[in-house]
Amino acid sequence: MVRFPGDDRMDTEQQSQQTQTGSEFEREPVPKSARLGFKSFIGMYAGEHCAGTELMIGPLFVAAGVSAYDLIMGLLLGNALAVLSWMFLCAPIATRSRLTLYYHLEKICGRKLVTLYNLANGVMFCFLAGAMVTVSATAVGVWFKFPMPGLNDLYPNSVGWVAAVAVVGGLIAIVAAYGYQTVAKFANIAAPWMVLVFLAFGFVGLRQFIDATGAEVTSLGDAWELAKTHIWKGGAPQEGQVKFTFWHVTFFAWFCNMAMHVGMSDLSVFRFAKKSWYGVASSTGMYVGHFMAWISASILYAYQLHLDPADTDVLPGPLAYRAAGVAGLLCVIIAGWTTANPTIYRAGLAFQAISPKSSRFKVTLITGAIATIAGMFPAIAMKLLGFVALYGLILMPMGAVIFVDFWLIRKFGLQSSYAGLSKRTFNWAAGLAWFVTLTICLVLVQLGWIIDKLVVWGIFTMSDRLQWIKDTFAVQIFFVSLPGWFVAAILYIVLSKFYQKKVRPSGVEQ
Amino acid sequence: MRPILQIVSLVALIGLTLPSVIFLAGRMELNMVKWIMLLATIVWFVVATPWMWKDNGAEKS
Numbered sequence: 409m410v411r412f413p414g415d416d417r418m419d420t421e422q423q424s425q426q427t428q429t430g431s432e433f434e435r436e437p438v439p440k441s442a443r444l445g446f447k448s449f450i451g452m453y454a455g456e457h458c459a460g461t462e463l464m465i466g467p468l469f470v471a472a473g474v475s476a477y478d479l480i481m482g483l484l485l486g487n488a489l490a491v492l493s494w495m496f497l498c499a500p501i502a503t504r505s506r507l508t509l510y511y512h513l514e515k516i517c518g519r520k521l522v523t524l525y526n527l528a529n530g531v532m533f534c535f536l537a538g539a540m541v542t543v544s545a546t547a548v549g550v551w552f553k554f555p556m557p558g559l560n561d562l563y564p565n566s567v568g569w570v571a572a573v574a575v576v577g578g579l580i581a582i583v584a585a586y587g588y589q590t591v592a593k594f595a596n597i598a599a600p601w602m603v604l605v606f607l608a609f610g611f612v613g614l615r616q617f618i619d620a621t622g623a624e625v626t627s628l629g630d631a632w633e634l635a636k637t638h639i640w641k642g643g644a645p646q647e648g649q650v651k652f653t654f655w656h657v658t659f660f661a662w663f664c665n666m667a668m669h670v671g672m673s674d675l676s677v678f679r680f681a682k683k684s685w686y687g688v689a690s691s692t693g694m695y696v697g698h699f700m701a702w703i704s705a706s707i708l709y710a711y712q713l714h715l716d717p718a719d720t721d722v723l724p725g726p727l728a729y730r731a732a733g734v735a736g737l738l739c740v741i742i743a744g745w746t747t748a749n750p751t752i753y754r755a756g757l758a759f760q761a762i763s764p765k766s767s768r769f770k771v772t773l774i775t776g777a778i779a780t781i782a783g784m785f786p787a788i789a790m791k792l793l794g795f796v797a798l799y800g801l802i803l804m805p806m807g808a809v810i811f812v813d814f815w816l817i818r819k820f821g822l823q824s825s826y827a828g829l830s831k832r833t834f835n836w837a838a839g840l841a842w843f844v845t846l847t848i849c850l851v852l853v854q855l856g857w858i859i860d861k862l863v864v865w866g867i868f869t870m871s872d873r874l875q876w877i878k879d880t881f882a883v884q885i886f887f888v889s890l891p892g893w894f895v896a897a898i899l900y901i902v903l904s905k906f907y908q909k910k911v912r913p914s915g916v917e918q
Numbered sequence: 007m008r009p010i011l012q013i014v015s016l017v018a019l020i021g022l023t024l025p026s027v028i029f030l031a032g033r034m035e036l037n038m039v040k041w042i043m044l045l046a047t048i049v050w051f052v053v054a055t056p057w058m059w060k061d062n063g064a065e066k067s
């Protein structure tokens, strides 16, 4: 799945951390006795990255007009880069500091800035959980046959759809509020089954293509030919979709879990690892969920388009039902449910950290209600590729801040963990590095639109130079996080130079 | 009892995957694949839940 900060086991830890129960080393390094072996991480990553959202992402690649070479090679490279990011950016810090992300951030940024980070995280969780509810609700549509949203629908398009999302989302929210741990256990049981259902989707889809095209497939070369000419044909994307090339696929695969590796959310996970190289365990999740599952799901959608090119709807329920019958439908429901459950729960925790006195039960229910309302709007699920990229982008600058603070800042004659040292609750150097980086990245992403608006409003007239600026500096959201990381890192160092001069560890401002 | 449940669980997972492989080879009807997958799903959840639930509980404690 496109995984989101924390995990089942770590949620228990995160909860205790945020509710200050003091049982999971939330404000101290993980001791030697609590460290986990390599196998724990292999199982955790393999299970978590094969989930409901995979059923949207695979088809959306096809809708984006991806070719076979670009998809396969892009996924191989992008997933390798993601694994390397876990291994060389996140895990080394985690196994040295052995602190949770939140405590680590608190020492650098101060409590108030961490609260703001929590808020951003919580809001994104709500929308992502909404997308997962959307995925599950498409399975209900197979049974009740109400009109379901199309690829370019932004708003709910039928009463049946709204009712289905309300029921599915409501149930998920209630279960998350009452029995989060039970669903987390159930998710662990479902994980191996789900992985194999995804694999079956791929095998069934492939055979359906062979039958539909009459292709003779007796070797890998024949299969590749079928893939190139019928499954991932490349060419123009579907209306309203961005064309995906090799680089789009590579960067998407690399950055779809950016919040976890580059953004350092998995500090909370790898602080339990005995060795930093355990980061390589993430490869199980990448190559099972973000390779096999995406490819399988994309084959199902490509087959739907092969049968009827006008049928562009990306609806995991009908896709899975066509391939694997009731077992496929159950897979869609369970995949959406088991991933929405922890996501809603985590969003609740993030919001509760902002208002610690509020009841977790009520906060989770309200969060679930927001996610359910978001799920009624298919725009999030149908634009999931862009949304996931935005999610990584929003949390990425804090990862750069942590990296610089841990490895580099002392080389510039500055202090690390400065909020802790100066007893400040808001480190403006870190805060500004975050806000300014986000602003720069979003301006670059929207540059074309901004320039067009300025021309329409008569502020500028379109000239060759303006067109050159537009063509040269506008960056798609899938790519902007890479330069953005360096912007955040440099900004944090430069701003810390000023901030640490002005705010002394004693807390006396000069 | 536990080893038996684990063996049956493994068989259920094989039963879940194998029909699609046979279908890919062109030696089984899709309807049959779907039925066997459903059966394997039921067996998996019935048989794997008791021992995996305990394992999860043990990990947490």
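Protein chains in written order, with our numbering: chain A, 409 to 918; chain B, 7 to 67. Ideal Cβ positions, reconstructed from N, Cα and C, are used throughout, including at glycine. Model, not experiment: these values are computed from the prediction.
Worksheet entry | Beta-carbon neighbours of W601/A, restricted to chain B and to distances below 9 Å | Against chain B, a Cβ distance below 9 Å from W601/A picks out A18, L19, L22, A46, T47, W50, F51, A54.
Worksheet item: Out of curiosity, what's the CA-to-CA distance linking L536/A and K682/A?
Response: 32 Å
Practice prompt. Examine the Cβ distances between the region 746-756 of chain A and the region 520-539 of chain A and report whether three or more of them are shorter than 8 Å.
Written response: yes
Fill in: Residue burial classification, I639/A (beta-carbon count within 10 angstroms, cutoff 16)
buried
Worksheet item: What do you reckon, are the CB atoms on G460/A and T747/A nearer than 8 Å?
Response: yes
Fill in: Sequence-distant residues of its chain with Cβ nearer than 8 Å to F785/A (five each side left out)
G538, L562, Y563, P564
Worksheet entry | Same chain only: Cβ atoms within 8 Å of W702/A, ignoring 5 sequence neighbours per side | So the qualifying residues of the chain are E462, I465, G466, F469, L483.
Fill in: Best match in A490/A, L816/A, L850/A, F881/A for proximity to Y900/A [C-alpha to C-alpha]
Measuring from the Cα of Y900/A, the nearest candidate turns out to be L816/A.
Discussion item. Along the region 605-617 of chain A, where does the CB come closer than 9 Å to a CB of chain B? Name the residues.
Written reply: V605, L607, A608, F609, G610, F611, V612, L614, R615, Q616
Discussion item. In whole angstroms, give me the CA-to-CA distance for K878/A and L855/A.
Written reply: 6 Å
Worksheet item: Listed from N- to C-terminal order along the chain, which residues in the region 715-738 of chain A have their beta-carbon within a distance smaller than 7 Å of any beta-carbon of chain B?
Response: A732, G733, V734, A735, L738
Worksheet item: Can you list the residues of chain B that I597/A reaches, using a CB-CB cut of under 9 Å?
Response: W50, F51, A54, T55, M58, W59, N62
Practice prompt. Just tell me which of L798/A, F881/A, K910/A, M694/A has its CA closest to the CA of A837/A.
Written response: Taking only the C-alpha atoms, the option nearest A837/A is K910/A.
Worksheet item: Based on the DSSP output, what are the partners of K641/A in its beta bridges?
Response: S475/A
Worksheet item: Do F654/A and F886/A have their C-beta atoms within less than 8 Å of each other?
Response: no
Practice prompt. Mind checking the region 447-467 of chain A against chain B and listing, in chain order, the residues whose C-beta falls within less than 8 Å of any C-beta there?
Written response: none
Worksheet item: What distance in whole Å lies between the Cβ atoms of L822/A and S904/A, which are believed to be in contact at a cut-off of 8 Å?
Response: With a contact defined as Cβ atoms closer than 8 Å, S904/A and L822/A qualify at about 5 Å.
Item to complete: Please go through the same chain and pick out, in chain order, the residues whose beta-carbon is closer than 6 Å to the beta-carbon of A54/B, but skip the five residues on each side of it.
Response: S15
Discussion item. Rounding to the nearest angstrom, what Cα-Cα distance links V575/A and I898/A in this structure?
Written reply: 48 Å
Worksheet item: Between the Cα of G828/A and the Cα atoms of V522/A, P500/A, L492/A, which residue gives the shortest distance?
Response: V522/A
Worksheet item: Any C-beta of chain A sitting closer than 8 Å to the C-beta of L36/B?
Response: yes
Practice prompt. Measure the alpha-carbon distance for Q428/A versus L507/A and round it to whole angstroms.
Written response: Unreliable placement is indicated for Q428/A, whose pLDDT of 37 sits below 50; no coordinate value is reported for it.
Worksheet item: Contact check, A595/A vs T772/A under 8 Å by CB: the rounded distance?
Response: Not confirmed; about 17 Å, so no contact.
Practice prompt. Use the C-beta contact count for D619/A: other C-beta atoms within 10 angstroms, 16 or more gives buried, fewer gives exposed.
Written response: exposed
Item to complete: Give the C-beta separation of L509/A and L675/A to the nearest angstrom, bearing in mind that I take them to be a contact with Cβ-Cβ under 8 Å.
Response: 4 Å
Fill in: As assigned by DSSP and simplified to three states, the class of Y900/A
The answer is helix: DSSP assigns Y900/A an H, G or I state.
Worksheet item: Buried or exposed: S871/A, going by 16 or more other Cβ atoms within 10 Å of its Cβ?
Response: Under this definition S871/A is an exposed residue.
Discussion item. Please report the distance separating the alpha-carbon of F868/A from that of K641/A.
Written reply: It is roughly 41 Å from the alpha-carbon of F868/A to the alpha-carbon of K641/A.
Worksheet item: the region 542-567 of chain A: which residues have C-beta closer than 7 Å to a C-beta of chain B, in chain order?
Response: none
Practice prompt. Please report how far the alpha carbon of F663/A lies from the alpha carbon of G800/A, in whole angstroms.
Written response: Whole-angstrom Cα-Cα distance: 7 Å.
Discussion item. Tell me which residues share the same chain as K40/B and place their Cβ nearer than 6 Å to its Cβ, disregarding the 5 neighbours each side in the sequence.
Written reply: none
Item to complete: Tell me whether F446/A is buried or exposed, calling it buried when 16 or more other Cβ atoms sit within 10 Å of its Cβ.
Response: In this structure F446/A is exposed. Its beta-carbon is surrounded by fewer than 16 other beta-carbon atoms within 10 angstroms.
Worksheet entry | Three-state secondary structure assigned by DSSP to A782/A | helix
Discussion item. Which of the three DSSP states is assigned to L803/A in this structure?
Written reply: helix
Fill in: Continuous alpha helix (DSSP H) assignments of at least 4 residues falling wholly in the region 653-730 of chain A
654-663, 675-678, 690-695, 702-715
Worksheet item: Three-state secondary structure (DSSP) at Q426/A?
Response: Confidence in Q426/A is poor, its pLDDT being 41 and thus under 50, which makes the residue's placement unreliable; the coordinate value appears in the next sentence. Looking at Q426/A - three-state DSSP - the assignment turns out to be helix.
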